[in-house]
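As given, the protein sequences belong to chains E and V, one line each in that order. The letter at position 38 of the first sequence is residue 38 when you use my numbering, and the numbering goes up by one with no holes. The letter at position 5 of the second sequence is residue 119 when you use my numbering, and the numbering goes up by one with no holes. Beta carbons: idealized from backbone N, C-alpha and C, even for Gly. Bear in mind the structure is a predicted one, so any value in this text is a computation, not a measurement. To start, the structure under review is shown below, and the notes come after it.
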Amino acid sequence: DQQVKQNSPSLSVQEGRISILNCDYTNSMFDYFLWYKKYPAEGPTFLISISSIKDKNEDGRFTVFLNKSAKHLSLHIVPSQPGDSAVYFCAATVTGAGSYQLTFGKGTKLSVIP
Amino acid sequence: DAGVIQSPRHEVTEMGQEVTLRCKPISGHNSLFWYRQTMMRGLELLIYFNNNVPIDDSGMPEDRFSAKMPNASFSTLKIQPSEPRDSAVYFCASRQGAQPQHFGDGTRLSIL
């Protein structure tokens, strides 16, 4: 039973355009969400996060939006660059004393075409 | 700053052999995680250590898997005996407090 789902295995976007990666979750206890980026033969790298008390968090070209009622979050990359080509993982957790478990989606492979 | 260091990067061995994967977390980080990544199941948490103590090993698939953290700067994941279905990429991650986890570059394990 997948609690975090990334329904698009892959996405292709033209350089300079917006990339939108989507993530859905089923566990209403999740209150903190993260996006990781992974290049081939490397480990995932933390990109951006959002707490459930917010609906938007922005860091440079990257913005994460959270819709709690829909249990949906998205990562926007504007403008997309060829170096953004990677696999993006959505992850969720329940914060609080002793929390540590990250539940990951299966990832979306983004290809930015020059 | 050195990141999480894993060794070996690649391991190919025959079934039945013992496999030991190694991890050096980032200095000062007090939590360490072992993950396994497969096409079918994605990234799965195997075991979590806090201050060198195993807190949750419920993700360890079988008794053939064991993990240790003898000190704050070293951890091992051992598979004995190994089986072809253990083939996967194994990641180690560490973090300080509630900060995001930092991952190593993984060990690609192939059991023939």
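Pick from the options that is closest to residue i, judged by C-alpha positions
| i | options | result |
| --- | --- | --- |
| Thr63 of chain E | E:Gln81, E:Glu15, E:Ala70, E:Trp35 | E:Trp35 |
| Lys54 of chain E | E:Pro44, E:Phe46, E:Leu66 | E:Leu66 |
| Pro175 of chain V | V:Trp148, V:Ala212, V:Thr221, V:Gly130 | V:Trp148 |
| Glu132 of chain V | V:Phe217, V:Pro214, V:Leu191 | V:Leu191 |
| Pro198 of chain V | V:Met129, V:Arg136, V:Pro122, V:Gln151 | V:Met129 |
| Ala91 of chain E | E:Asp84, E:Lys56, E:Gln81, E:Leu75 | E:Leu75 |
| Gln11 of chain E | E:Gly96, E:Thr95, E:Val87 | Before going further, note that residue 11 of chain E is Leu rather than Gln in the sequence given. Of the listed residues, the one whose Cα sits closest to Leu11 of chain E is E:Val87. |
| Leu146 of chain V | V:Phe163, V:Ile140, V:Met153 | V:Phe163 |
| Ser141 of chain V | V:Asp200, V:Pro122, V:Ala116, V:Arg155 | V:Ala116 |
| Pro82 of chain E | E:Gly43, E:Tyr39, E:Tyr25, E:Asp1 | E:Tyr39 |
| Ile18 of chain E | E:Thr93, E:Ser80, E:Leu73, E:Pro44 | E:Ser80 |
| Thr152 of chain V | V:Pro214, V:Ala202, V:Ala181 | V:Ala202 |
| Lys68 of chain E | E:Thr26, E:Ile20, E:Val13, E:Asp1 | E:Thr26 |
| Asp200 of chain V | V:Thr127, V:Gln213, V:Gln215 | V:Thr127 |
| Gly156 of chain V | E:Met29, E:Arg61, E:Phe89, E:Ala41 | E:Phe89 |
| Leu73 of chain E | E:Ser85, E:Ile20, E:Asp1 | E:Ile20 |
Proximity test, residue i beta-carbon vs the ligand ADP heavy atom, cut-off 8 Å
| i | result |
| --- | --- |
| Asp59 of chain E | The ligand ADP is not among the ligands present in this structure, which contains no ligands whatsoever. |
Sequence-distant residues of its chain with Cβ nearer than 7 Å to residue i (five each side left out)
| i | result |
| --- | --- |
| Asn166 of chain V | Met183, Asn185, Ala186 |
| His143 of chain V | Ser208, Arg209, Gln210 |
| Lys173 of chain V | It should be pointed out that residue 173 of chain V corresponds to Gly in this sequence rather than to Lys. The residues are Glu158, Leu159, Leu160, Ile161. |
| Asp59 of chain E | Ile48 |
| Phe217 of chain V | Val118, Phe205, Ala207 |
| Gln194 of chain V | Glu132, Arg178 |
| Pro121 of chain V | One detail in the question is off: residue 121 of chain V reads as Ser in this sequence, not Pro. For Ser121 of chain V, where only same-chain residues beyond five positions count, the Cβ hits under 7 Å are Arg136. |
| Val94 of chain E | Met29, Phe30, Asp31 |
Integer-rounded CB distance, given that residue j should sit under 8 Å from residue i
| i | j | result |
| --- | --- | --- |
| Cys206 of chain V | Ser189 of chain V | 7 Å |
| Glu15 of chain E | Ile113 of chain E | 6 Å |
| Ile169 of chain V | Lys138 of chain V | That pair is no contact at about 20 Å. |
| Asp31 of chain E | Lys5 of chain E | No, Asp31 of chain E and Lys5 of chain E are not in contact; Cβ-Cβ is about 18 Å, not under 8 Å. |
| Asp219 of chain V | Ala41 of chain E | 7 Å |
For residue i, the first and last residue of its enclosing beta strand (DSSP E)
| i | result |
| --- | --- |
| Tyr32 of chain E | 32–38 |
| Leu191 of chain V | 188–193 |
| Lys138 of chain V | 133–138 |
| Val94 of chain E | That residue, Val94 of chain E, is in no beta strand (DSSP E); it is neither H nor E in DSSP. |
| Ser201 of chain V | Ser201 of chain V -> no beta strand (DSSP E), and no H or E assigned at all. |
| Met183 of chain V | 179–185 |
| Ile53 of chain E | No beta strand (DSSP E) holds Ile53 of chain E; DSSP gives it neither H nor E. |
| His143 of chain V | Segment: none, His143 of chain V is in no beta strand (DSSP E) and carries neither H nor E. |
| Lys109 of chain E | 108–113 |
| Ile169 of chain V | 167–170 |
| Thr63 of chain E | 62–67 |
| Arg222 of chain V | 221–225 |
Same chain, Cβ closer than 6 Å to residue i, neighbours up to 5 away in sequence not counted
| i | result |
| --- | --- |
| Ser8 of chain E | Thr108 |
| Ile50 of chain E | Phe33, Asn57, Val64, Leu66 |
| Thr140 of chain E | Limits of chain E in this structure are 1 at one end and 114 at the other, which puts residue 140 of chain E out of reach. |
| Ser111 of chain E | Ser12, Ser85 |
Contact set for residue i: own chain, Cβ-Cβ below 8 Å, skip 5 residues either direction
| i | result |
| --- | --- |
| Glu125 of chain V | Val133, Leu135, Thr221, Arg222, Leu223, Ser224 |
| Pro44 of chain E | Tyr36, Lys37, Lys38, Phe89 |
Within-9 Å CB hit, residue i to chain B
| i | result |
| --- | --- |
| Val118 of chain V | Checking the listed chains, one finds no chain B in this structure; the protein chains it contains are E and V. |
Against chain E: residues of the segment 144–165 of chain V by CB proximity under 7 Å
Residues are counted here when their Cβ sits less than 7 Å from a Cβ of chain E; for the segment 144–165 of chain V these are Ser145, Gly156, Leu157, Leu159, Tyr162, given in chain order.
According to a CB-to-CB cut-off of less than 8 Å, which residues of the segment 193–216 of chain V neighbour chain E?
Going along the segment 193–216 of chain V in chain order, one finds Phe205, Ala207, Ala212, Pro214, Gln215, His216 with a Cβ nearer than 8 Å to chain E.
Contact residues within the segment 44–66 of chain E, judged by C-beta distance below 8 Å to chain V:
Result list: Pro44, Thr45, Phe46, Ser49.
Output, in sequence order along the chain, the residues in the segment 81–113 of chain E whose CB is closer than 9 Å to any CB in chain V.
So the close ones are Phe89, Ala91, Thr95, Gly98, Ser99, Tyr100, Gln101, Leu102, Thr103, Phe104, Gly105, Lys106, Gly107.
Got a sec: which bits of the segment 6–39 of chain E sit with their beta carbon under 7 Å from any beta carbon on chain V, in order along the chain?
Residues passing the 7 Å Cβ filter: Leu34.
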